[in-house]
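Top line first, the protein sequences correspond to chains A and B. So the first sequence is residues 1 to 538, counted in full-length UniProt numbering. So the second sequence is residues 1 to 538, counted in full-length UniProt numbering. By construction, the Cβ of each residue, glycine as well, lies at the ideal position given by its N, Cα and C atoms. Taking it in order: structure first as structure tokens, then the write-up.
There are 2 protein chains.
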Amino acid sequence: MTLTRNQPINPIPQTRNQKTQSQSSSSSSSRSGMKLIVPLQGVVQGRSGFLLGISIPCALFYFLQLYLKRRRPNPNPSSPSSSSSPTLLLPRTSSRSNLSSRGSISRVRLSKLATILSKPDDSLYYLGLDRVSKDPYDVLVNPHGIIQLGLSDNKLCFDLIEKWLVKNLEGSMMGNGDINLSINGIVPYQPHHGLNELKIALADFMRQIMGGSVEFDPSNMVLTSGATPAIEILSFCLADQGNAFLVPTPYYPGFDRDIRWRPGIDLIPVHCRSTDNFNLNIAALEQAYSQARKRGVKVRGILISNPSNPVGNILTPDMLFSLLDFAEDKNIHIIADEVFAGSTYGSEEFVSIAEVLDSEYIDKSRVHIIYSLSKDLSIAGFRVGVIHSYNQAVLEAAKKMSRFSSISAPTQRLVTSMLSDKRFIQEYIETNRNRIRRIHDEFVDCLNKLGIKCAKSSAGMFCWADMSGLIKPYSEKGEHELWEKFINVAKINITPGSACHCIEPGWFRICFTTISFEEIPLVIERIRKVVESCKSSS
Amino acid sequence: MTLTRNQPINPIPQTRNQKTQSQSSSSSSSRSGMKLIVPLQGVVQGRSGFLLGISIPCALFYFLQLYLKRRRPNPNPSSPSSSSSPTLLLPRTSSRSNLSSRGSISRVRLSKLATILSKPDDSLYYLGLDRVSKDPYDVLVNPHGIIQLGLSDNKLCFDLIEKWLVKNLEGSMMGNGDINLSINGIVPYQPHHGLNELKIALADFMRQIMGGSVEFDPSNMVLTSGATPAIEILSFCLADQGNAFLVPTPYYPGFDRDIRWRPGIDLIPVHCRSTDNFNLNIAALEQAYSQARKRGVKVRGILISNPSNPVGNILTPDMLFSLLDFAEDKNIHIIADEVFAGSTYGSEEFVSIAEVLDSEYIDKSRVHIIYSLSKDLSIAGFRVGVIHSYNQAVLEAAKKMSRFSSISAPTQRLVTSMLSDKRFIQEYIETNRNRIRRIHDEFVDCLNKLGIKCAKSSAGMFCWADMSGLIKPYSEKGEHELWEKFINVAKINITPGSACHCIEPGWFRICFTTISFEEIPLVIERIRKVVESCKSSS
Numbered sequence: 001m002t003l004t005r006n007q008p009i010n011p012i013p014q015t016r017n018q019k020t021q022s023q024s025s026s027s028s029s030s031r032s033g034m035k036l037i038v039p040l041q042g043v044v045q046g047r048s049g050f051l052l053g054i055s056i057p058c059a060l061f062y063f064l065q066l067y068l069k070r071r072r073p074n075p076n077p078s079s080p081s082s083s084s085s086p087t088l089l090l091p092r093t094s095s096r097s098n099l100s101s102r103g104s105i106s107r108v109r110l111s112k113l114a115t116i117l118s119k120p121d122d123s124l125y126y127l128g129l130d131r132v133s134k135d136p137y138d139v140l141v142n143p144h145g146i147i148q149l150g151l152s153d154n155k156l157c158f159d160l161i162e163k164w165l166v167k168n169l170e171g172s173m174m175g176n177g178d179i180n181l182s183i184n185g186i187v188p189y190q191p192h193h194g195l196n197e198l199k200i201a202l203a204d205f206m207r208q209i210m211g212g213s214v215e216f217d218p219s220n221m222v223l224t225s226g227a228t229p230a231i232e233i234l235s236f237c238l239a240d241q242g243n244a245f246l247v248p249t250p251y252y253p254g255f256d257r258d259i260r261w262r263p264g265i266d267l268i269p270v271h272c273r274s275t276d277n278f279n280l281n282i283a284a285l286e287q288a289y290s291q292a293r294k295r296g297v298k299v300r301g302i303l304i305s306n307p308s309n310p311v312g313n314i315l316t317p318d319m320l321f322s323l324l325d326f327a328e329d330k331n332i333h334i335i336a337d338e339v340f341a342g343s344t345y346g347s348e349e350f351v352s353i354a355e356v357l358d359s360e361y362i363d364k365s366r367v368h369i370i371y372s373l374s375k376d377l378s379i380a381g382f383r384v385g386v387i388h389s390y391n392q393a394v395l396e397a398a399k400k401m402s403r404f405s406s407i408s409a410p411t412q413r414l415v416t417s418m419l420s421d422k423r424f425i426q427e428y429i430e431t432n433r434n435r436i437r438r439i440h441d442e443f444v445d446c447l448n449k450l451g452i453k454c455a456k457s458s459a460g461m462f463c464w465a466d467m468s469g470l471i472k473p474y475s476e477k478g479e480h481e482l483w484e485k486f487i488n489v490a491k492i493n494i495t496p497g498s499a500c501h502c503i504e505p506g507w508f509r510i511c512f513t514t515i516s517f518e519e520i521p522l523v524i525e526r527i528r529k530v531v532e533s534c535k536s537s538s
Numbered sequence: 001m002t003l004t005r006n007q008p009i010n011p012i013p014q015t016r017n018q019k020t021q022s023q024s025s026s027s028s029s030s031r032s033g034m035k036l037i038v039p040l041q042g043v044v045q046g047r048s049g050f051l052l053g054i055s056i057p058c059a060l061f062y063f064l065q066l067y068l069k070r071r072r073p074n075p076n077p078s079s080p081s082s083s084s085s086p087t088l089l090l091p092r093t094s095s096r097s098n099l100s101s102r103g104s105i106s107r108v109r110l111s112k113l114a115t116i117l118s119k120p121d122d123s124l125y126y127l128g129l130d131r132v133s134k135d136p137y138d139v140l141v142n143p144h145g146i147i148q149l150g151l152s153d154n155k156l157c158f159d160l161i162e163k164w165l166v167k168n169l170e171g172s173m174m175g176n177g178d179i180n181l182s183i184n185g186i187v188p189y190q191p192h193h194g195l196n197e198l199k200i201a202l203a204d205f206m207r208q209i210m211g212g213s214v215e216f217d218p219s220n221m222v223l224t225s226g227a228t229p230a231i232e233i234l235s236f237c238l239a240d241q242g243n244a245f246l247v248p249t250p251y252y253p254g255f256d257r258d259i260r261w262r263p264g265i266d267l268i269p270v271h272c273r274s275t276d277n278f279n280l281n282i283a284a285l286e287q288a289y290s291q292a293r294k295r296g297v298k299v300r301g302i303l304i305s306n307p308s309n310p311v312g313n314i315l316t317p318d319m320l321f322s323l324l325d326f327a328e329d330k331n332i333h334i335i336a337d338e339v340f341a342g343s344t345y346g347s348e349e350f351v352s353i354a355e356v357l358d359s360e361y362i363d364k365s366r367v368h369i370i371y372s373l374s375k376d377l378s379i380a381g382f383r384v385g386v387i388h389s390y391n392q393a394v395l396e397a398a399k400k401m402s403r404f405s406s407i408s409a410p411t412q413r414l415v416t417s418m419l420s421d422k423r424f425i426q427e428y429i430e431t432n433r434n435r436i437r438r439i440h441d442e443f444v445d446c447l448n449k450l451g452i453k454c455a456k457s458s459a460g461m462f463c464w465a466d467m468s469g470l471i472k473p474y475s476e477k478g479e480h481e482l483w484e485k486f487i488n489v490a491k492i493n494i495t496p497g498s499a500c501h502c503i504e505p506g507w508f509r510i511c512f513t514t515i516s517f518e519e520i521p522l523v524i525e526r527i528r529k530v531v532e533s534c535k536s537s538s
């Protein structure tokens with residue numbers, strides 16, 4: 001599903017134009033056909049040079065038309081436009097009773113984008129999610145169902161969230177002693193880009209989650225219903241249809257959807273390798289940039305996910321500086337998706353690009369941060385995301401676009417209250433980190449015992465596992481077949497590297513926060529079956 | 001703010017092409033200039049016909065080029081592309097310390113759309129909303145502030161909503177005896193296009209609100225965070241950038257935003273007149289359609305708001321049949337925005353297009369209904385909208401796009417519970433209708449006494465008032481000046497007809513559900529001041 005609206009669009013209704021042109025040219029060609037003989041006689045006879053003079057340019061013009069017509073691509077052969085649709089040539093009647101007997105004469109046309117999106121997904125990422133939704137594992141109801149390890153949902157601390165909600169739900173939305181709220185605060189229209197109270201609470205939460213070493217300004221924020229629309233809105237702001245962003249691979253499969261579909265912006269992969277633990281290097285970035293420019297593509301930005309999804313590694317401050325230099329040198333934007341900033345468990349410390357920006361000589365107006373509460377606070381169902389930008393024009397435009405993705409006021413009140421409960425948040429952050437670390441360490445250890453190594457990682461809800469030894473052939477096809485074994489035989493949904501545009505086959509993203517610690521043996525047992533069947537067949 | 005991404009985009013870098021063409025043609029023209037004399041002599045002398053034969057087609061070709069070049073629009077003169085931006089020609093250095101001393105050499109470029117949206121709004125509709133937000137009337141805190149009569153917010157029944165929330169909030173979201181809910185139902189990811197329970201409850205609410213005479217199928221629904229993204233998503237589904245929808249005027253100012261901005265679809269006004277009480281007629285529709293086709297514009301649909309916003313009149317079943325015939329004949333879509341379906345107070349009965357469709361011979365796949373709970377249930381802050389389509393491909397595509405506009409799960413649970421409370425809903429619908437009728441009748445009566453007549457209406461939260469007698473000159477300028485008097489002198493924000501693309505100057509939309517019945521005299525008094533000042537100055 002990588003096709004987008006960004007198709008070559010010809011604003012002129014070509015078919016008709018061409019027809020008229022070719023008709024007139026073909027009539028002139030028949031004329032010129034006849035005239036080729038007559039004037040040649042004339043030339044021989046020393047007269048009729050006038051006719052020859054007319055016929056030569058006409059013939060040249062005809063062949064030029066023919067050449068251009070053949071070179072021009074057929075506009076949307078799969079989706080006939082209403083003007084050229086052959087079905088429209090059927091005799092029509094305005095009598096409704098006649099129409100009924102034949103049904104609809106011509107199916108009404110959809111947009112190119114809808115025509116593509118209406119078909120089933122071809123990415124294994126979405127296919128996997130779809131398969132789980134039809135046969136989800138449940139220890140009691142469906143113990144042989146598919147276990148979801150393909151979605152970064154964090155269920156490790158639902159108990160804490162539930163406890164808080166039971167205690168605080170009513171007061172947080174309808175007002176209590178602490179908060180002076182009335183029905184006017186939740187029922188009528190509210191600012192589309194988010195309530196100021198929530199922005200303040202969120203800025204403080206982000207500061208906390210990032211170790212207290214960086215401040216976020218609520219007035220630089222536009223709230224959206226999740227990180228997904230935040231990325232889409234930013235894309236609409238930063239680039240025009242047909243422009244491109246550079247994206248280090250492997251990358252989160254959703255970026256294709258958020259940036260290509262409606263904004264029509266292309267993603268140019270910058271391949272990172274296992275030999276570098278999939279760390280980004282500036283040389284690869286420079287190369288991808290200059291190759292794009294050579295192809296005539298306008299690169300408008302670089303999109304990084306830090307901590308990386310799917311690898312789980314973290315960009316060093318040095319790399320962030322280099323990225324800022326690179327962006328300044330090329331005069332392009334940086335979009336930093338930092339949604340996993342608080343879900344760290346490793347030895348590396350997360351540093352937000354906002355912290356690096358504090359150096360005064362850096363132009364902040366090109367830096368835009370995406371954050372959400374779906375990962376670090378695990379309330380994905382609440383749909384709370386944010387664009388934090390230093391560019392006032394981007395903020396103004398994003399505020400206007402946020403009408404299409406605004407968060408419901410009751411949820412905003414609820415989340416404001418939750419984030420403002422300092423004791424709860426402190427407890428949540430610590431407990432969540434401990435639980436992620438514990439399950440990560442155990443899960444990766446178990447994989448190691450099966451002979452599966454993972455990339456070195458420090459954050460996120462997944463490991464990036466090297467199963468290249470299990471695939472045959474060593475190609476995307478082999479990877480695809482292994483994925484099918486996992487979902488069909490082992491009943492486990494994981495995300496293959498190809499869905500993340502990884503250049504090396506055999507890597508898989510496995511989310512471990514969708515299960516409980518106690519379910520690890522069950523999952524590992526299912527993986528073991530596949531590993532053993534692969535080894536026995538090789 | 002009517003400019004959009006939908007600029008005439010020429011995929012060929014025109015300026016260069018044209019230059020080459022005109023250069024070659026102008027050189028041929030200088031040749032042909034000289035040659036016009038020489039061959040004429042030759043003709044006279046009975047020779048050089050060959051040269052004349054060459055020069056005539058060349059001259060014709062030159063003038064054709066000149067003609068086409070003049071007709072072609074200049075692509076986006078206001079937003080220079082980076083390749084042509086003069087700032088980029090400045091010498092650059094990669095040294096950061098150098099950069100710091102001069103600040104950023106070249107401002108990073110935004111998209112064309114963001115460049116437009118980052119500027120202040122030029123529509124009086126948005127200007128008015130903005131003015132109110134800065135100086136809102138409050139009887140206690142700011143009694144001389146601006147009274148909001150420019151937004152279709154219905155505050156008449158907040159007491160009922162509040163009473164229900166106080167009683168049911170906690171149970172509806174966290175589960176109680178009736179509803180078996182767990183934390184898994186609100187905290188993790190839920191289907192982006194809405195919970196099935198909410199779709200069922202909403203379908204039932206729509207049936208109720210439309211008099212019980214039509215059924216809606218929950219499986220034909222895609223839920224969105226309000227009608228605004230519902231319209232945008234439908235637009236992305238039904239038409240490509242540069243295509244157009246026909247829209248009867250006067251129309252809701254938000255349509256320009258929802259359909260032009262990001263989908264890049266043009267809106268072609270179909271003007272309705274005061275002499276017809278602004279009712280649509282098919283002849284005007286036919287004319288607008290054929291004129292658009294002549295201009296080479298592909299019309300993909302017709303967008304109606306029924307009941308009409310801003311007029312408040314209702315389409316008759318006969319007109320709905322005619323519209324369906326028209327759409328079938330042209331093979332285009334119908335988008336029916338029915339968000340005011342339940343806010344009726346007049347003698348005319350509302351009939352949904354869904355009801356008309358029950359005739360078996362109509363092709364339903366071209367009909368798409370927009371609905372929301374912002375108007376009829378007055379919970380605009382909750383952001384609950386829906387696309388109801390009979391086209392499976394549209395539903396599939398819209399489901400995928402709904403990720404960018406999904407409703408938070410807590411709100412979905414809350415609203416499901418509210419809609420499922422039959423007794424409450426019954427009471428709400430009746431009370432709301434009675435209160436709208438009462439305030440409408442009183443308000444219109446008071447306006448009449450001031451000499452201001454309103455269009456005949458039966459639904460909505462506004463009256464469409466004829467103040468053409470108060471404007472001088474009788475033009476958009478006069479209308480603008482009157483609007484300024486209202487907002488600056490009378491401190492009242494109302495929506496001028498020009499913001500609704502009304503072809504006749506002097507009409508204003510006045511929302512009366514944003515105030516209480518008791519506040520009518522205050523509002524009327526403020527209006528009276530303007531009326532009297534206009535009369536005294538004329």
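- Exposed is the label assigned to residue 521 (chain B), since fewer than 16 other Cβ atoms lie within 10 Å of its Cβ.
- When CB distances to chain B are screened at a threshold of 9 Å, the residues of the segment 514-527 of chain A falling below it are 514, in chain order.
- Residue 357 (chain B) and residue 304 (chain B) have their C-alpha atoms spaced approximately 16 Å apart.
- Residue 513 (chain B) has its alpha-carbon roughly 30 Å from the corresponding atom of residue 245 (chain B).
- Interface flag for residue 368 (chain B) against chain A is unset, since no Cβ pair is found closer than 8 Å.
- Taking a contact to require three or more Cβ pairs closer than 8 Å, the segment 270-287 of chain A and the segment 417-425 of chain A do not qualify as touching.
- Interface with chain B (8 Å Cβ-Cβ cutoff): residue 239 (chain A) is included.
- In this structure the segment 484-500 of chain A does not lie against the segment 365-376 of chain A, because fewer than three pairs of beta carbons, one per stretch, are closer than 8 Å.
- Rounded to the nearest whole angstrom, the C-alpha separation of residue 327 (chain B) and residue 393 (chain A) is 41 Å.
- Per DSSP, the unbroken alpha helix (DSSP H) holding residue 520 (chain B) starts and ends at 520-537.
- If you check the CB distance, residue 277 (chain B) and residue 456 (chain B) come in under 8 Å.
- Each residue's CA atom was taken as its position, placing residue 313 (chain A) and residue 307 (chain A) some 6 Å apart.
- Residue ranges of uninterrupted alpha helix (DSSP H) with 4 or more members, entirely inside the segment 213-284 of chain B and ordered along the chain, are 227-238.
- Listed along chain B are 151, 153, 380 and 381, each with a C-beta nearer than 7 Å to that of residue 189 (chain A).
- Counting along the chain, no beta strand (DSSP E) covers residue 133 (chain A); the unbroken alpha helix (DSSP H) around it starts and ends at 124-134.
- Residue 485 (chain A) is not bridged by DSSP to any residue.
- Any Cβ of chain B closer than 8 Å to the Cβ of residue 123 (chain A) would place that residue at the interface, and such an atom is absent.
- The beta carbon of residue 439 (chain B) is closer than 6 Å to those of 512 and 517 in its chain, skipping five residues each way along the sequence.
- At least one C-beta of chain A is nearer than 8 Å to the C-beta of residue 173 (chain B).
- Looking at A:335, A:298, A:287 and A:465, the one whose alpha-carbon comes closest to that of residue 266 (chain A) is A:298.
- Residues of the same chain with a CB within less than 6 Å of the CB of residue 205 (chain B), apart from the 5 flanking positions on each side, are 419 in chain order.
- Residues of chain A whose Cβ lies closer than 9 Å to the Cβ of residue 228 (chain B) are, in chain order, 192, 403, 404 and 406.
- Interface criterion met: the Cβ of residue 400 (chain B) is under 8 Å from a Cβ in chain A.
- Residue contact check for residue 436 (chain B) against chain A: no CB pair falls below 8 Å.
- Here residue 130 (chain A) is exposed: its Cβ has fewer than 16 other Cβ atoms, across all protein chains shown, within 10 Å.
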